[in-house]
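Asks:
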DNA sequence: GTCTATACATGGATAGAC
DNA sequence: GTCTATCCATGTATAGAC
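Residue numbers (my numbering), protein chains in the order written: chain A, 1 to 211; chain B, 1 to 211.
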């Protein structure tokens, strides 16, 4: 498993691992709430340990940050699509994928993580690249593979269509939740889901007839 | 014009306005490159003025930041779609909109601004709300109005379709440029544009026949 | 209004006792 | 390994001369 975190893992005695856990959980809350500009004092306080204890587990602030992102990516990866979804027929599959993607709007941690990764993608390009490699690319790949394999649909460029589907979903999360657009331009997620399903199915059908 | 910046504008004598301009241009470069965590010293240095001069034009850091975002939104707004595009037929219209949206990938200032607004949307929700109100909502509105008016297309929910188009375009910019995905998962923008045009036209045709 | 110099607070990281 | 106390650099904001 490729990783970018380079923190030392001292001893790993039972109690030592507990502290490490407490630190990561404190850092989770503080970083997601305040961004990378959060202070190490605030993290230590939130974790309920002394600041030096943080530094005994992580080389510096950036190492702690990287380890945290790493961990979060693992967490959200497992909470992704299962294999059995691939067995669904086209309408159910598209709908299910859309529902899963948009259900993350309710997850404060996911929304904050996405904001954080985008926000720090200038200073820490490795983190956004890791996010792309671990979350975005595999997700689009699975989607494109399904589109390619399903003979109800016949797109000339399934990879591009997969990106359209994925992009419209992710950007809905970004515009509604991250950028707080749900007040100024509200839209029930069901409408988005229905339109995406319709768009893909109609177009998939039509391009099949055209070929 | 609604605005959130609340800085004072002292005297506005010719030379005073020049200084203000220099400050804003320096702040532009530094903020876009380093994010909100950029120091006032760095901004003053980049602008070629003393730090106190910055404070004589802007109440504090946040006021300067807000004024800058405000200004940038105006700048990119005017560089948007002209009215004559609305006269194009459906295929040309969709393609033109997509081309304009993706052409912003080449604009470092736009990419950085988007990253900055998303990144600071936690600490400064007003800024992202302003972005939504001024850029996103009007853009989607125009797109939806066109879809509604054009009788080559007949969608049951033009507003949702407009969001899908817009979202897939914006997210392409985000994933490729902001999150540096263009190396790990490259895709020529022409492929995106072609597939969006195909998807919308095929689906718009098909749903017309279905109704 | 613009400059130089500075006050005051905060934050990252470390020293040293236990 | 964990704690308390501290060093030192940096950053926002202001004071005072011109």
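Even glycine gets a Cβ: it sits at the ideal position worked out from N, Cα and C.
Within the 7 Å Cβ cut-off, does residue 71/A reach chain B?
Replies: It does not: the Cβ of residue 71/A has no partner Cβ on chain B nearer than 7 Å.
Asks: Please state if the CB of residue 143/A and the CB of residue 155/A are separated by a distance shorter than 7 Å.
Replies: No, they are not a contact pair.
Asks: Quick one: list the residues of chain A neighbouring residue 206/B, beta-carbon separation under 8 Å, in chain order.
Replies: Under the 8 Å cutoff, chain A gives 202, 203, 205, 206.
Asks: What is the residue span of the alpha helix (DSSP H) that residue 131/B lies within?
Replies: Start and end: 125-131.
Asks: Do the region 196-209 of chain A and the region 149-164 of chain A touch if we need at least three Cβ pairs shorter than 8 Å?
Replies: Contact holds: three or more Cβ-Cβ distances are below 8 Å.
Asks: Taking residue 59/A as part of the alpha helix (DSSP H), name the residues at either end of that continuous run.
Replies: Where residue 59/A is concerned, there is no enclosing alpha helix (DSSP H), given that its DSSP letter is neither H nor E.
Asks: Listing by chain order, which chain B residues have their CB less than 7 Å from the CB of residue 195/A?
Replies: Those are 157, 160, 161, 164, listed as they occur along chain B.
Asks: Quick one, are the C-beta atoms of residue 171/B and residue 171/A less than 7 Å apart?
Replies: Their beta carbons are under 7 Å apart, which means residue 171/B touches residue 171/A by this criterion.
Asks: Can a CB atom of chain A be found closer than 7 Å to the CB of residue 177/B?
Replies: No, because no Cβ of chain A sits closer than 7 Å to the Cβ of residue 177/B.
Asks: In the DSSP assignment, find the unbroken alpha helix (DSSP H) run with residue 158/A in it and report its ends.
Replies: It spans 158-173 - the alpha helix (DSSP H) in which residue 158/A sits, taken as one unbroken run.
Asks: Report all residues from its chain with a CB closer than 7 Å to the CB of residue 12/B; omit the five preceding and five following residues, and keep chain order.
Replies: Confidence at residue 12/B is low in this model, with a pLDDT of 49, below 50, so its placement is unreliable and the value that follows should be read with caution. Result list for residue 12/B: empty, nothing under 7 Å.
Asks: Measuring only between beta-carbons, confirm whether residue 12/B sits less than 7 Å from chain A.
Replies: The pLDDT assigned to residue 12/B is 49, lower than 50, so where the model puts this residue is not dependable, and the model offers no usable value.
Asks: Could you check the C-alpha separation between residue 22/A and residue 47/A for me, to the nearest Å?
Replies: So the alpha carbons of these two residues sit roughly 5 Å apart.
Asks: Which chain B residues are close to residue 31/A, counting only those with a beta carbon under 7 Å from its beta carbon?
Replies: Per Cβ cutoff of 7 Å: no residues; residue 31/A is ~11 Å from chain B at best.
Asks: Taking the alpha-carbon positions, what's the residue 200/B to residue 88/B distance?
Replies: Taking the straight line from one Cα to the other gives about 15 Å.
Asks: Quick one: does residue 62/A have its CB under 7 Å from some CB of chain B?
Replies: It does not: the Cβ of residue 62/A has no partner Cβ on chain B nearer than 7 Å.
Asks: What is the rounded straight-line gap between the Cα of residue 31/A and the Cα of residue 63/A?
Replies: The alpha-carbon atoms of residue 31/A and residue 63/A are separated by roughly 13 Å.
Asks: What would DSSP say about residue 121/B, mapped onto helix, strand or coil?
Replies: Of the three classes helix, strand and coil, the one that applies to residue 121/B here is coil, per DSSP.
Asks: Does the beta-carbon distance from residue 115/A to residue 197/A come in below 7 Å?
Replies: Against a cut-off of 7 Å, the Cβ pair of residue 197/A and residue 115/A comes out as no contact.
Asks: How about residue 144/B: is its C-beta nearer than 7 Å to some C-beta of chain A?
Replies: So no, residue 144/B is outside the interface.
Asks: Can you check the region 43-101 of chain B for any alpha helix (DSSP H) of at least 4 residues that lies completely inside it and give the ranges in chain order?
Replies: Whole alpha helix (DSSP H) segments, 4+ residues: 51-57, 61-78.
Asks: Confirm, please, whether the CB-CB distance from residue 118/B to residue 69/A is below 7 Å.
Replies: No, these two residues do not count as a Cβ contact at 7 Å.
Asks: Quick check: what's the CA-CA separation for residue 103/A versus residue 49/B?
Replies: The alpha-carbon atoms of residue 103/A and residue 49/B are separated by roughly 49 Å.
Asks: So, does the region 173-186 of chain B touch the region 121-141 of chain A, judging by three or more C-beta pairs under 8 Å?
Replies: Yes, they touch.
Asks: Under 7 Å Cβ to Cβ from residue 110/A, same chain only, skipping five residues before and after it: list those, please.
Replies: If we look at residue 110/A and ignore the five residues flanking it on each side, its Cβ neighbours are 76, 104.
Asks: Tell me whether residue 18/B is buried or exposed, calling it buried when 16 or more other Cβ atoms sit within 10 Å of its Cβ.
Replies: Exposed is the call here.
Asks: Hey, residue 137/A and residue 187/B: beta-carbon distance below 7 Å or not?
Replies: No, the Cβ-Cβ distance between residue 137/A and residue 187/B is not below 7 Å.
Asks: Between residue 66/B and the ligand SAM, is the CB less than 6 Å from at least one heavy atom?
Replies: For the ligand SAM, the structure offers nothing, since it holds no ligand at all.
Asks: Thinking just about the alpha-carbon of each residue, which of 165/B, 36/B, 29/B, 174/B is nearest to the one in residue 128/A?
Replies: Among 165/B, 36/B, 29/B, 174/B, the Cα nearest to that of residue 128/A belongs to 174/B.
Asks: At least one CB of chain B closer than 7 Å to the CB of residue 26/A: is that the case?
Replies: No, no contact with chain B.
Asks: How many Å lie between residue 161/B and residue 86/B at the Cα?
Replies: For residue 161/B and residue 86/B, the distance between alpha carbons rounds to 17 Å.
Asks: With distances taken between CB atoms, is the gap from residue 24/A to residue 72/A smaller than 7 Å?
Replies: The answer is no: Cβ separation not under 7 Å.
Asks: Should residue 173/A be flagged as near chain B, meaning a C-beta pair shorter than 7 Å?
Replies: Not one chain B Cβ lies under 7 Å of residue 173/A.
Asks: Taking residue 20/B and residue 192/A to be in contact with their CB atoms under 8 Å, please state how far apart those CB atoms are, rounded to whole angstroms.
Replies: Actually they are not in contact, since the Cβ atoms of residue 20/B and residue 192/A sit about 43 Å apart, beyond 8 Å.
Asks: Under 9 Å Cβ-Cβ, which residues of chain B neighbour residue 123/A?
Replies: Residues of chain B passing the Cβ test: 34, 35, 37.
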